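Residue numbers (full-length UniProt numbering), protein chains in the order written: chain H, 1 to 325; chain C, 1 to 325; chain X, 1 to 325; chain V, 1 to 325.
C-beta: ideal position from N, C-alpha, C; glycine also.
Note that the structure is predicted; figures quoted are calculated from it, not measured.
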């Protein structure tokens, strides 16, 4: 399915993998400040808003973002939440927000997680479809800036907003259960284990890395949650841009889905279609794809953000190998 | 520590990760056909031999290979085997081969795994040091071509040569034990599990990828063996060069060591310094490094292989990001 | 902590382990039909009620039952639910039931699970203490007869009543999470595994019983839930009284807590103080203790049940060994 | 299959479970000092020897012991070792011992483990059959007294004698591999875990007993080895006879095989047929059976041990319930 993570060095990084068996056709898409967002349940589009960069499927000039950041440093991503996501009917006493426009609605208006918390408390996430042909994706969301991280889950029993002290998200089960499972892994460590099984018995650490024995390595969402949480929480890197970005791709690489290892139908395999890493401070969107290991990037601040039209870059999906001879 | 793997599509691929807390200084090194190999226990160097390309620490013009292939399609890599590797004293009735020259000794002389099997049966792997300052590394070896794969382990009880039906290798424990452990993982699958726990009880596969629940995800050598074996044995890709190479890096990426997750001394972390993938058919050496996700490559056939001097390329360790704007 | 289970052959069996580091002093206690139950929030005791047999700490002639059955075949047990149990304040529009009298309140009045369901739907479980010196135990309950099984959990967000298709209960986390975790064990089986890891690779089942590899064996409540659920759901036995009772003790024996394996404070160890098995059809209470492996029994129908005074039998805690010579 | 264990308090205890899908018909059998042991490859029976008590299938007045102790405090048991056990042909330069008489050969002649070590060093364990109808069972052996414990494995590559610091044995794989696997469990503990996963992250020990999370609970021989080793090494009990014996049955109870959980053929289930516990100091053989939870006992010193004829007691297999009313 998918995995999202945050990472903080000097700047704040936010990104995700998108795991699926095919792509809907995505582009790195910048929504400039004057692009008119006609939110479904609003009377009029705001005159101006924060610029956004992220990965989107553009449908009829509308950016259906999978993950994005705004120019203020706030990032947001939607991840599959199949079987658990339930959206509300529009109501009259709250601000109704269609599920498909949730990411731009937040990122265009909120400069910080604090502002977003405020907006979330008064909104109603609705099951309004983008169009007849686009049923609502069953998603939950991770929302973060340098100050913290939230998870938003709309379920049968209402809209849940959780503080996320780990800064990672995958898919099912709901976030509180994912966090609860970490209790079971609490004794894992990057350091070698000590013999508490039978003190005095001669046991040996025959390999490095034995302190994390018990960490799962399969591709299910609960196992990816534990694996990426351990990797992220123990990550160490320099704080330069290159070191930070590199480390971020290693964090999400820990839950990479290899073609063949997750068969979703006869001969169909879920893979990590792309992995993104946004420097939320600098407004740069980095990504790799399954077939292109080189990191590509689009910098929102190299564009004129005071325009009205989406700025779109194709995903560079072809492996770019550097031959030294 | 390290992980090695093989992969076969139209061509045959062979590579490894090198995991450690620092680098000795490595170069992609081509040994041309007329480079004089003065093997320690031989009277004279052969006039000519097979050309070799691989990653080596070059010490005094001598290529101490970590992993390499020859122009005939045979590949070989040495991986840490600390606590188990024991080399023999030179003897008079066998062909003595110093441990440090084992890779070039095989690759310079054997065109195929079959020929290598023959040479292995009559040789004696010795504890002869490269120099006073270079004690013998404690290693075991993986040796493969398109026809099959061997593991060679020199231990207290002698030299063991094992057929390797999985085509992967990590570190401790010895190879037969690693293979034995796969018995415990036999019910894992890329497909969703069926409920055999309590037929009739309503259980659900709440996530994709649950068929491999139980696969380990920590960085110890036994866990990496299981994880990479599962990933390799279930890998699916197109058979073009780009698809094959990409898939290979995904296979070894499944056991990537992230900085911080394996602390070997206070503040010192083992990481995947580099990952290699050789097209043994075409003689191309591909690699990435921890800080450079782009795949770099050196093609031995773009060089004059009929010379006498090592051809050396630096490791491109700096991240090469492709900015699209 | 504790484990409860149900088992059905010709008759219906219900029992539990009580795991703790010391005993409060328990007796097998029969409450006859005319024992006056002055329920705390009721105006008067019913004239008569169903007789009950179970393990109780008798405080001032009041039977504080840990687990019990009534003469109609309904059984109920309270198990630790520390950190999750929250009881309500008494309210005016519901039937208030003090937590400490919950078991007799149900068992004295309900002949069947169906009747109990009805009573549960209109009651309010309160935090009323038995006395100043007896704070409310933090418990959840299993309630079962031959027709089915319920779990009752009173938490911060109210009273939850769950159908329990497995018929087992341990402690934390709440029951829905325990059930959810069984999804992760669904591929376990009493039969030998098949090689789906890498079909074609020669893997062997080197031992019997490998189909359940992955089943946990530690003494934590989540692990005991999975272990006892697997054991119960796969249990096979003859349906005679002796065979059924024997099998039942084997089921709960699978999660026996051995002294030394669960240290709760320096030198203090939680152990399985006693294990019970009630034939709910026949009204017989069987039990063993940590130090007495022989099965002891008290049969409620060998007593005059139409009396007013508790009938109490001591726990036979001393090992009764049968010497054959 | 089977599990054996030792336990030391004031006295030394030795016992085993015998797990199988049917019984060959066993009796608690005392071999008195003057019973004539005509060992197959010896010219004559010794005039006298140490008396032995244990569980045996008596075939034509010959005690085929499964497990036994002698009057000097030495105990020995044979456990299934299918696929690994290989016995030698008789040779002329060693003392040949038929596999079926291995237990009496040792126990009748050796007072201590030290003496046994000596005899083992000069013997040859042969594939001599007891009779045409009794092919050699594929076994390995545990041999222990209060001073220590050995494992004896006769394999393709010869007879192996291992010191056993844990004092437990199950079945496959060979003992060194079983011991090696304990390295993977070294961080398990009877105490609650500490959060080393992500110090600072609020994780909770929501249940007692979480320090041993990762301990396996299935019935395969490798899992039983780890489970019983943990249980035995952490066992605590008083040192009286009753407390010691009770604790011993709890230790082996931790790997009890319940009917239904290990299906060996359609509708056939391996169960723990009996569990034994010998006080090697006092010469008492205690046991329980699958259907009889009471501990039965035979005391060798209540017999005249200076006779020539086997003294046999039937296994009391019928549940003996103590009704208190």
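Look up residue 63(H) in the DSSP assignment and say whether it is helix, strand or coil.
-> Within the first chain, residue 63(H) is the residue found at index 63, counting from 1. Residue state, collapsed to three classes: strand.
Which chain X residues sit within Cβ distance under 8 Å of residue 204(C)?
-> Here residue 204(C) is taken as the residue at index 204 of the second chain, counted from 1. Within 8 Å of the CB of residue 204(C), the CB atoms of chain X belong to 183, in sequence order along the chain.
Closer than 9 Å by beta-carbon distance: list the chain V residues that pair up with residue 196(H), in chain order.
-> Residue mapping note: residue 196(H) aligns to position 196 of the first chain, counting from 1. Near residue 196(H) (Cβ distances below 9 Å), the residues of chain V are 186, 187, 188, 189, 190, 191 and 211.
Short Cβ contact (7 Å threshold) for residue 291(V) with residue 19(V) | For the purposes of this step, residue 291(V) is identified with residue 291 of the fourth chain, where counting begins at 1. For the purposes of this step, residue 19(V) is identified with residue 19 of the fourth chain, where counting begins at 1. Contact: no.
Which residue comes first and which comes last in the beta strand (DSSP E) that contains residue 294(H)?
-> As a first step, residue 294(H) is located in the first chain; it is residue number 294 there, counting from the start. Where residue 294(H) is concerned, the enclosing beta strand (DSSP E) stretches over 292-299.
Verify the CB distance criterion: does residue 173(H) have a CB-CB separation below 7 Å to chain V?
-> Taking the first chain and counting its residues from 1, one reaches residue 173(H) at position 173. Chain V, which has no Cβ nearer than 7 Å to the Cβ of residue 173(H), makes this no.
Mind pulling the chain H residues with CB within less than 8 Å of residue 233(V)?
-> Against the fourth chain, residue 233(V) aligns to sequence position 233. Within 8 Å Cβ-Cβ: 197, 198 and 201.
Count the other CB atoms within 10 Å of the CB of residue 134(C); is the residue buried (16 or more) or exposed (fewer)?
-> Working through the second chain from its first residue, we reach residue 134(C) at position 134. That one is exposed.
Interface flag, residue 283(X) vs chain C, CB-CB below 7 Å | By 1-based counting over the third chain, the position of residue 283(X) is 283. Residue-level contact by beta carbon fails for residue 283(X) and chain C, as no gap is shorter than 7 Å.
Using three-state DSSP, classify residue 228(C) as helix, strand or coil.
-> Within the second chain, numbered from 1, the residue matching residue 228(C) stands at position 228. It is helical.
What did DSSP end up calling residue 316(H) once you bin it into helix, strand or coil?
-> Position 316 of the first chain holds residue 316(H). If DSSP states are grouped into helix, strand and coil, residue 316(H) belongs with coil.
Residues of the stretch 153-173 of chain V with a CB closer than 7 Å to any CB of chain H: list them in chain order, please.
-> 165 and 166
Would you kindly work out how many angstroms separate the C-alpha atoms of residue 125(X) and residue 42(X), rounded to a whole number?
-> One-based indexing of the third chain puts residue 125(X) at position 125. One-based indexing of the third chain puts residue 42(X) at position 42. Taking the straight line from one Cα to the other gives about 13 Å.
Pairwise C-alpha distance: residue 166(H) and residue 166(C) | Residue mapping note: residue 166(C) aligns to position 166 of the second chain, counting from 1. Residue mapping note: residue 166(H) aligns to position 166 of the first chain, counting from 1. Cα to Cα, residue 166(C) sits roughly 37 Å from residue 166(H).
Own chain, CB closer than 6 Å to residue 127(X), minus 5 neighbours either side, in chain order | The residue labelled residue 127(X) in the question sits at position 127 within the third chain. Cβ within range, chain order: 87 and 136.
Would you give the residue range spanned by the alpha helix (DSSP H) that residue 116(X) belongs to?
-> In the third chain, counting from the first residue as 1, residue 116(X) sits at position 116. Residue 116(X) -> alpha helix (DSSP H) spans 113-120.
Would you mind sorting residue 174(C) into buried or exposed? The rule is 16 or more other CB atoms within 10 Å of its CB.
-> Position 174 of the second chain holds residue 174(C). Classification for residue 174(C): buried.
Along the chain, where does the beta strand (DSSP E) that runs through residue 140(C) open and close?
-> As a first step, residue 140(C) is located in the second chain; it is residue number 140 there, counting from the start. Element bounds for residue 140(C): 139-145.
Within 7 Å, strictly: CB atoms of residue 34(V) and residue 231(V) | As a first step, residue 34(V) is located in the fourth chain; it is residue number 34 there, counting from the start. As a first step, residue 231(V) is located in the fourth chain; it is residue number 231 there, counting from the start. Going by C-beta atoms, residue 34(V) is not nearer than 7 Å to residue 231(V).
In chain H, what lies closer than 9 Å to residue 180(X) by C-beta?
-> Walking along the third chain from the start, residue 180(X) turns up at place 180. Ordered by position in chain H, the residues that pass the 9 Å Cβ test against residue 180(X) are 173 and 177.
Which residue comes first and which comes last in the beta strand (DSSP E) that contains residue 151(H)?
-> One-based indexing of the first chain puts residue 151(H) at position 151. Here the beta strand (DSSP E) through residue 151(H) covers 148-155.
Hey, how far is the Cα of residue 261(X) from the Cα of residue 3(X)?
-> Here the question's residue 261(X) lines up with position 261 in the third chain. Here the question's residue 3(X) lines up with position 3 in the third chain. Put simply, the backbone Cα of residue 261(X) is about 16 Å away from that of residue 3(X).
Which partner residues of residue 160(V) appear in the DSSP bridge assignment?
-> Along the fourth chain, read from residue 1 onward, the residue named residue 160(V) stands at position 160. Paired residue(s): 153(V).
Quick one: which residues of the stretch 222-255 of chain H get their C-beta closer than 8 Å to a C-beta of chain V? List them in chain order.
-> Flagged, chain order: 229, 230, 233 and 234.
Supposed contact pair residue 287(H) and residue 53(H) - C-beta distance, whole angstroms, cut 8 Å | The residue labelled residue 53(H) in the question sits at position 53 within the first chain. The residue labelled residue 287(H) in the question sits at position 287 within the first chain. Between residue 287(H) and residue 53(H) the Cβ distance is about 11 Å, and since that is not below 8 Å, they are no contact.
Touch test, the stretch 245-253 of chain V against the stretch 253-260 of chain X, Cβ-Cβ under 8 Å, three pairs minimum | yes
Mind reading off the beta-carbon distance from residue 275(C) to residue 17(C)? Whole number of angstroms is fine, and I expect it under 8 Å.
-> Mapped onto the second chain, residue 275(C) falls at position 275. Mapped onto the second chain, residue 17(C) falls at position 17. Rounded, the Cβ-Cβ distance is 5 Å, consistent with contact.
So, is the C-beta of residue 214(H) closer than 7 Å to a C-beta in chain V?
-> Numbered from 1 along the first chain, position 214 holds the residue referred to as residue 214(H). At least one CB of chain V lies nearer than 7 Å to the CB of residue 214(H).
Counting only beta-carbon atoms, is residue 218(H) nearer than 7 Å to chain C?
-> Residue numbering aside, residue 218(H) sits at position 218 when the first chain is read from its first letter. Output row for residue 218(H): interface = yes.
Within the 7 Å Cβ cut-off, does residue 58(H) reach chain C?
-> Position 58 of the first chain holds residue 58(H). Not one chain C Cβ lies under 7 Å of residue 58(H).
Quick one: what's residue 131(V) bridged to in DSSP?
-> Numbered from 1 along the fourth chain, position 131 holds the residue referred to as residue 131(V). In the DSSP output, where bridge partners are listed per residue, residue 131(V) has 134(V).
Given a limit of 7 Å on CB to CB distance, which residues of the stretch 303-320 of chain V reach chain X?
-> Residues 303, 313, 316, 319 and 320.
Beta carbon proximity, residue 277(C) to chain H, threshold 7 Å = By 1-based counting over the second chain, the position of residue 277(C) is 277. Interface flag for residue 277(C) against chain H is unset, since no Cβ pair is found closer than 7 Å.
In whole angstroms, what separates the C-alpha of residue 132(V) from that of residue 39(V)?
-> Here residue 132(V) corresponds to residue number 132 of the fourth chain, with the count starting at 1. Here residue 39(V) corresponds to residue number 39 of the fourth chain, with the count starting at 1. So the alpha carbons of these two residues sit roughly 17 Å apart.
Determine the burial state of residue 196(H): buried for a count of at least 16 other Cβ atoms within 10 Å of its Cβ, exposed for fewer.
-> Counting from one through the first chain, the residue named residue 196(H) turns up at place 196. Per the 10 Å Cβ criterion, buried.
Closest Cβ-Cβ distance between residue 142(V) and chain X: below 7 Å?
-> Counted from its first residue, the fourth chain places residue 142(V) at position 142. No, residue 142(V) lies away from the interface with chain X (no Cβ there is under 7 Å from its Cβ).
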